Every structure is written in structure tokens, then in C-alpha cells.
Amino acid sequence: MSNLKPSENSHGAGKTKKSHKYIFVIGGVMSGVGKGITTSSIGAILQSKGFVVNLMKVDPYLNVDAGTMNPVEHGEVFVLDSGLETDQDLGNYERFLNRSLTGDDYITSGMVYKHVIEAERALKYGGKCVEAIPQIRDEIIRRFEKSAKVNKSDITVVEIGGTVGDYQNVMFIEAARVMKVMHPNDVAFVMVSYMPVPPMLGEMKSKPTQNAIRQLFSYGVNTDIIIARSEVPMDEKRREKIAISCSLPTEQVISAPDIESVFDVPLNFEKGDISHILLKLLHLRKKQNETGMKEWEKFANVVKNTKDTVDIAIVGKYFNTGDFVLTDAYVSVLEAIKYSSYKLGKKAKIHTVNARDYEGEKAKNADFKALEKYDGIIVPGGFGESGIEGKLAVIQYAREHKIPYFGLCYGMQLMVIEYARNVLGLEDANTTEINPKTKNPIIDIMPDQKKLLEECNYGGSMRLGAYDANLEKGTIAYEAYGKDVIQERHRHRYEVNPEYVEKITDAGLIFSGKSPSGILMEIAELPRKEHPFFLGTQFHPEFLARPLAPHPLFTEFIKAAIKIKTK
Ligand code: GLN
């Protein structure tokens with residue numbers, strides 16, 4: 045065992061009660077095979093067994109958070125109540141657990157190193173030489189334990205980003221290994237690995253997975269469970285081969301073939317008896333207060349059996365990467381649309397529309413009429429100039445042709461600009477994000493945000509996280525939420541300029557949600573008698589949409605879309 049004793053940890057690692065349980069999920073062979081969904085599913089299953097579970101993600105990159113990363117490359121930035129900008133996997137965790145995570149549930153190497161280096165600068169290590177081991181490793185352990193404590197959980201499931209063999213995540217695996225050494229009965233490892241079936245061979249190959257297991261073993265960790273991801277179910281022969289190569293009983297190798305819906309994954313894992321295996325590995329007894337997965341099962345069945353469709357377009361710009369079209373940058377928006385559609389008995393057919401096809405030279409030949417084939421249009425969040433005029437043109441079309449429109453953050457700001465330009469006649473209405481010199485800065489930067497930009501202080505410095513808003517009775521927003529005060533998550537620097545609020549309101553656009561001070565506009569909408577649904581939010585409602593608790597505004601939007609369809 046390592047010579048690390050709990051009391052020797054520089055930051056008190058090892059102090060949580062000894063019986064706390066940890067499951068570490070590690071990837072083998074390659075990324076993108078479902079580690080996040082595996083982590084989420086294990087969480088949902090154990091929660092249904094009556095345990096308090098918290099899920100954590102560890103990202104090995106040196107960015108301090110995910111906020112500064114390009115969404116085309118890295119996917120959506122998911123914002124927590126606390127305002128922490130995280131990886132999109134945390135969105136899945138919240139959706140599967142049906143609850144919000146805390147700011148302690150996400151770790152990056154950048155965060156860990158920054159903390160340790162700052163502590164070193166402040167002489168917190170009492171003159172010691174500060175090194176990756178033990179200081180970085182112990183800081184990681186401290187963060188695992190803190191998250192467990194803050195969440196008051198029984199079991200913490202930690203997803204380690206990347207794949208075994210990456211240089212970047214070695215320190216996290218090392219921290220997990222040490223925890224296992226210190227508490228052998230309280231820590232279990234799950235490896236999610238890929239079993240390819242090369243078309244020219246037509247046979248499932250287990251060698252890459254065997255190598256990944258060996259690689260993990262070279263770090264001193266033997267996995268306890270293998271989740272074998274593949275296009276088709278794994279046969280017994282290969283299952284035994286894998287089991288032998290990592291000295292595991294065959295039951296601990298679980299076949300996880302591709303399935304139609306991710307919501308079936310927890311149900312499939314349970315067919316492999318995963319909760320029973322995990323409880324045994326963690327020396328845990330079954331709880332009396334099991335809730336079971338009935339509600340989840342019901343939802344998974346709705347997903348499979350809903351046939352009737354509703355067509356929704358997302359007009360964005362983060363779709364194209366190389367030769368591929370990816371929707372990862374908008375994953376929470378996509379999910380939110382789906383959940384509300386299912387709630388209303390429809391399957392959402394989501395279309396991606398590139399905003400740039402509706403601006404500049406392309407606007408001349410753009411087929412605006414084609415937008416009418418969509419039952420609803422969403423303009424999601426975004427930054428910068430590109431695609432803006434295209435989005436504005438689409439919004440104008442949706443307003444004038446009474447196509448349900450839902451604007452999220454930038455989508456709301458642009459909706460207000462469009463209204464100012466085309467209804468108030470302020471032709472140069474704009475956001476100062478694009479034109480700082482415009483005579484009509486309908487959307488403007490907040491003074492404190494301006495200062496941050498002048499200092500080039502970009503990371504984690506927007507208006508971030510959960511804020512209250514007051515709703516006005518008699519509006520669509522109020523009808524949807526059914527309450528006076530809401531709390532929603534934000535991620536933006538710019539706001540509706542208070543100087544224009546009266547003018548815009550006089551021209552007919554209602555600000556139905558405002559910050560408690562009344563200064564910040566949180567929701568804009570047109571009255572129902574004028575438009576079936578023309579509403580935008582300065583916040584990101586998509587972050588709070590859950591399969592078992594769809595978001596009320598998305599549901600209201602889809603309701604309007606369905607009405608158009610059935611007309
Ligand atoms: N770019 C806009 C702002 O910073 C909108 C941000 C967003 O859509 N998340 O205010």
C-alpha cells in the first residue's frame with residue numbers, strides 16, 4: 045500500500061466517514077462510446093435502490109472550466125446553478141438523476157493545479173517541495189471527498205474523462221487507486237470499453253479491450269466491471285475471454301450493445317444485474333426504501349412507442365465540423381425539445397438550419413417559405429457576429445408568418461432587436477456585442493461586464509448560474525410556470541438596454557419576466573392574440589429540462605407547435 049495515511053494529506057484527504065463508497069468509471073480503447081451515459085445510468089439505478097448518489101466528472105484538460113472552449117470542438121458548455129461552466133456530461137447526470145448538481149461535482153486538471161499553485165504561492169505548504177505526487181493527487185482526493193460531503197451522499201460515482209493510456213488523466217487514476225488502497229471495500233472500478241466488429245472481418249474483436257485492461261493494470265488498478273460497448277450484443281465466448289483476461293467472474297462483464305434510446309441503458313444494465321454486483325463489490329446491503337425505476341421505465345416506453353411527430357428547427361451556427369454535422373453544441377436544447385414533445389404525445393423531429401444560409405449573398409436565394417414546413421423555430425444561445433443577420437431574418441419571418449418561435453439567450457436578444465428594427469423602425473438597432481457604435485444599442489453590455497472585458501478577463505466572468513425572476517400575471521410565461529417567482533440559469537454578458545424598455549413595451553412587446561430589481565429583462569413575449577408563441581428568455585431554460593420533469597416553457601412552445609401542425 046502507499047505510504048499515504050489519511051492524516052498525512054496536505055488538505056485533510058481521507059477525513060470523510062470511512063464507509064463512503066466510490067465508483068470510478070474509466071474509458072478503454074476510445075472515447076465517445078458512452079462513459080457519460082454509463083455513469084448517469086449507474087447513478088440512476090443506485091438512486092432507485094434508495095441510495096443518495098452524487099455524480100462527478102473529472103476533465104483532464106488544463107482549462108479551469110469548460111467556459112472558454114469552442115462548442116464546435118467541445119460540445120455544449122453546461123452551466124450549473126452555482127454558475128460553474130462544465131462539460132455537457134453534467135447535463136446528462138442531472139437529467140438522469142432528476143436533480144441539480146453542485147459546483148463541487150466537476151473537476152478539471154486546471155482547477156486542481158491552479159489551487160495547488162496558488163496555495164504554494166501563499167506558503168501553505170510550509171516550505172515543502174510541491175509536486176504532482178503527493179500534492180496534486182491529494183488535492184484531487186480532497187475534491188472527491190468534498191463533493192461526497194457536500195452532497196451528503198452514500199455513493200459517489202466519478203467519471204474520469206479521456207481514455208486509459210492518456211497522459212492527462214493519469215493523476216486522477218492514481219488518486220482513485222490510492223483511495224482503493226486506503227479503503228479496499230469502499231471503492232469499485234468500472235471500465236467502459238469498445239469491442240469493434242470490423243466489417244471486413246465480420247467478427248467481434250476483444251483484443252483492444254484486453255489491451256486497455258492491461259494498460260489500466262499497469263497503473264495498479266484492476267477493473268471490477270467491464271461494460272463492453274459494441275454495435276451488437278457480445279457472445280458468451282468473448283465475454284469469457286474478457287473475463288479471464290482481467291481475472292473477473294463472467295457476470296462482471298456486461299454486454300452493452302447499441303440501442304435505439306439512451307433511456308433504455310439503465311434498464312439494460314439492470315438486466316445484467318449491475319446494481320447487485322456493485323452493492324456486493326462495495327459491501328453494501330440492500331436498502332428498504334427502494335423506489336424502483338417504474339417512472340423511468342414508463343418514460344423509456346413512451347420514447348419507444350411515440351410515433352406522431354412535430355417538426356422543430358434549430359437555427360444555429362455551431363453545426364459543421366469538417367465533413368460532419370454535429371448537434372453536440374446544442375444537446376440540452378435538443379433534449380428539452382424531446383421531453384416536452386413526449387409529454388404531449390409527440391416525437392420531435394429536429395432539423396438543423398444553418399443561420400448563415402439566410403444572410404449576405406445567400407439571403408437573396410434563400411427559400412424563406414421553406415421555413416413554414418417547421419411547426420416551431422428555435423434560435424438558441426450564441427456569441428459573436430457570424431450568422432446574426434440570418435437569424436434576424438428567420439425571426440422576422442417567424443413573427444410575420446406566425447410560426448411559433450422560441451429564443452434562448454442570444455435568441456431572445458435578437459428577437460428584441462428584430463422587433464426594434466422592424467416594428468419600432470429603429471433600422472440600426474443592434475447589440476453592442478456586434479456593433480459597439482450603433483446609435484440604438486437595444487442590447488448592451490452591463491457596466492461590470494465591460495470592465496471585465498477591458499481587462500481581458502474572459503473565463504468564468506459572464507452573468508452565470510441561477511438567478512430569480514419575477515413573472516407578470518396574465519402572460520404566456522406566467523401561464524406556463526404557474527407561479528410568481530422562478531429561478532433559471534444564465535450565461536451571458538449582454539442585456540436588454542433599460543433605456544429602451546419603455547419604447548419597446550409601448551410598441552407591443554411584453555417583458556413578462558424581470559429580475560427582482562426590475563432592471564434586467566428576463567423574458568420577452570408577444571401577446572397570444574397577436575402570435576401563437578413568440579417568446580424569448582435571457583436565461584437558458586434548457587439546462588433545467590429533465591426527462592421526468594420537462595421544462596414548462598418548452599412544453600408551452602411545443603403545444604403551440606402542435607396546434608399549428610394540426611391546423
Ligand atoms: N452573446 C450573448 C451575450 O453574451 C448571448 C450569450 C448566449 O446566448 N449564451 O449576452
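My numbering puts the sequence shown at residues 45 to 611. By construction, the Cβ of each residue, glycine as well, lies at the ideal position given by its N, Cα and C atoms. Bear in mind that the values here come from a model prediction, so they are computed numbers and not experimental data.
Short check: CB of residue i to CB of residue j, under 9 Å?
i: A219; j: I185; result: yes
i: G360; j: A399; result: yes
i: N229; j: H159; result: no
i: D298; j: A256; result: Before going on, a small fix: residue 298 reads as Ile here, not Asp. Result no, Cβ atoms of I298 and A256 do not sit closer than 9 Å.
i: F555; j: F577; result: no
i: K224; j: V265; result: yes
i: M244; j: R282; result: no
i: N474; j: I487; result: yes
i: E314; j: T294; result: no
i: I81; j: M337; result: no
i: A373; j: A589; result: no
i: I270; j: L292; result: yes
For the alpha helix (DSSP H) that residue i lies in, which residues bound it at each end?
i: E138; result: D133 to L141
i: K324; result: I318 to L325
i: T599; result: P596 to T610
i: A473; result: Counting along the chain, A473 falls outside any alpha helix (DSSP H), and DSSP gives it neither H nor E.
i: Y383; result: V375 to K387
i: A437; result: I432 to E444
i: K42; result: This structure cannot settle anything about residue 42, because the visible part of the chain is limited to 45 through 611.
i: P252; result: K251 to S262
i: T82; result: K79 to S92
i: I161; result: S153 to R165
Report the residue from the options whose alpha carbon sits nearest the alpha carbon of residue i.
i: V26; options: L579, M74 and I161; result: Because the chain in this structure spans residues 45 to 611, residue 26 falls outside the shown range and cannot be described.
i: K149; options: I161, D133 and N213; result: Per the sequence presented here, residue 149 reads as Asp, with Lys not at that position. Cα-wise, what sits closest to D149 is D133.
i: I86; options: G316, A192, E304 and D182; result: G316
i: V121; options: E586, E523, P591 and K481; result: E586
i: K342; options: P591, F601, M459 and I81; result: P591
i: K101; options: L145, G119 and Y169; result: L145
i: L128; options: I530, R507 and A521; result: R507
i: L141; options: T610, F598, K607 and A593; result: A593
i: E444; options: V309, A568, A110 and N466; result: N466
i: G518; options: T267, L570 and P542; result: L570
i: I204; options: S84, I487 and I478; result: S84
i: I67; options: I199, I89 and A176; result: I199
i: K387; options: D308, L597 and V116; result: L597
i: N195; options: V97, C290, P277 and E138; result: V97
i: E416; options: P424, L496 and V397; result: V397
i: G206; options: D103, A407 and L515; result: D103
Count the other C-beta atoms from every protein chain shown that fall within 10 angstroms of the C-beta of residue i, then say buried if there are 16 or more, exposed otherwise.
i: N349; result: exposed
i: S376; result: buried
i: G552; result: exposed
i: V241; result: exposed
i: L322; result: buried
i: C500; result: exposed
i: K558; result: buried
i: A392; result: buried
i: A192; result: buried
i: H595; result: buried
i: H395; result: exposed
i: L48; result: Residue confidence is low: L48 scores 44 on pLDDT, short of 50, so the model does not pin down where it sits. Its coordinate-derived value is still stated next. Answer is buried; the Cβ neighbour count reaches 16.
i: T549; result: exposed
i: V529; result: exposed
i: E334; result: exposed
i: Q91; result: buried
i: Y511; result: buried
i: H320; result: exposed
i: V540; result: buried
Considering residue i, what are the terminal residues of the beta strand (DSSP E) in which it resides?
i: N501; result: Run containing N501: none; DSSP gives neither H nor E here.
i: R273; result: I269 to S274
i: F233; result: V231 to Y238
i: L488; result: Sequence check: residue 488 is Asp here, not Leu. Start and end: P485 to I489.
i: V208; result: First-last for V208: undefined, no H or E at that position.
i: K393; result: K391 to N398
i: R507; result: R507 to L515
i: G420; result: G420 to V423
i: S299; result: V297 to P301
i: G518; result: Note, G518: premise wrong, no beta strand (DSSP E); not H, not E.
i: F450; result: Y449 to L452
i: N98; result: V97 to D103
State yes or no: is the beta carbon of residue i nearer than 9 Å to at least one beta carbon in chain D?
i: Y522; result: This model lacks chain D altogether, as it is built from one protein chain only.
What are the uninterrupted segments assigned as beta strand (DSSP E) that are 3 or more residues long and contained completely in the segment 520-582, given in chain order?
Scanning the segment 520-582 from its first residue to its last, the whole beta strand (DSSP E) runs of 3-plus residues come out as 529-536, 538-540, 554-558, 565-569 and 578-581.
Length at least 4, wholly inside the segment 180-205: the alpha helix (DSSP H) runs in chain order:
If we require 4 residues or more, the alpha helix (DSSP H) runs fully inside the segment 180-205 come out as 181-194.
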